[in-house]
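Numbering (the working numbering), first residue to last: 12 to 180.
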């Protein structure tokens, strides 16, 4: 099945244009992406390991994420990515936007979400095409994986989340 994405002006306005997922983004346009940090009551974060045959960053660990499909909002894309990749259902209302940034040389606006979640990570539910493994990891473990050069993404985002958690107490 061919997947399409919507294109946006660099100021965030929709263009009404669509391209195939994976096609180059035209000059002066951008696409949308999401990353989702799930945190359990123990203070651990759900991370997944990319499959060995992935074109970019094979076998790296990361927080769940992906591209926003045509006609989809970033929040709904976050729900879909967590369900597809980890087999976990997270209600859209539980997602909290913690950061929005331009990345990939200015062709993607990334929406970074956080949600509390105590679901089990069950290997048989993982999206086999993209995810080799998944686990709950402490911040220290995530930082160690990053120091070893095996983490894809920005683990400093966990500091934003921890600030949010502390602010609630």
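Glycine is no exception: its CB is placed at the ideal position from the N, C-alpha and C atoms.
Small disclaimer: the values here were computed from a predicted structure and weren't measured.
Q) Roughly how many whole angstroms lie between the Cα atoms of residue 159 and residue 169? A) Distance between the alpha carbons of residue 159 and residue 169 is about 18 Å.
Q | Unbroken stretches of the beta strand (DSSP E), 3 residues or longer, contained in the stretch 86-123 | A | For the stretch 86-123, whole beta strand (DSSP E) runs of length 3 or above, ordered along the chain, are 107-114.
Q | Close beta carbons around residue 26, own chain, < 8 Å, minus the five adjacent residues each side | A | Excluding sequence neighbours, residue 26 sits near 17, 18, 19, 20, 40.
Q.
Under DSSP, the alpha helix (DSSP H) around residue 50 begins and ends at which residues?
A. From DSSP, residue 50 is part of no alpha helix (DSSP H) but of the beta strand (DSSP E) over 40-50.
Q. CB-CB under 8 Å to residue 180, same chain, minus the five flanking residues each way: which ones, in chain order?
A. With a pLDDT of 49 at residue 180, under the threshold of 50, the modelled position of this residue cannot be trusted; read the value that follows with caution. Apart from sequence neighbours up to five positions away, no residue of its chain approaches residue 180 with a beta-carbon distance below 8 Å.
Q) How many angstroms separate the CA atom of residue 29 from the CA atom of residue 165? A) Residue 29 and residue 165 have their C-alpha atoms some 28 Å from each other.
Q: Using the Cα positions of residue 44 and residue 171, report the straight-line distance between them to the nearest angstrom.
A: Whole-angstrom Cα-Cα distance: 19 Å.
Q: Leaving aside the five residues before and after residue 142 along the sequence, list all residues of the same chain whose C-beta is less than 6 Å from its C-beta, in chain order.
A: Leaving aside the five residues that flank residue 142 on each side, the residues in its chain whose CB is nearer than 6 Å to its CB run, in chain order, 59, 96.
Q | Residue closest to residue 71, alpha-carbon to alpha-carbon, out of 34, 153, 61, 93 | A | Closest in C-alpha terms to residue 71, from the list 34, 153, 61, 93, comes 61.
Q) Looking at the structure shown, is residue 16 part of a helix, part of a strand, or coil, going by DSSP? A) Reduced to three states, the DSSP call for residue 16 is strand.
Q: Please classify residue 50: is it buried, with 16 or more other beta-carbons within 10 angstroms of its beta-carbon, or exposed?
A: So residue 50 counts as buried.
(Q) Can you give me the C-alpha to C-alpha distance between residue 42 and residue 88, rounded to a whole angstrom? (A) Distance between the alpha carbons of residue 42 and residue 88: 13 Å.
Q.
Quick check on the burial criterion: 16 or more other C-beta atoms within 10 angstroms. Buried or exposed for residue 149?
A. Residue 149 should be labelled exposed.
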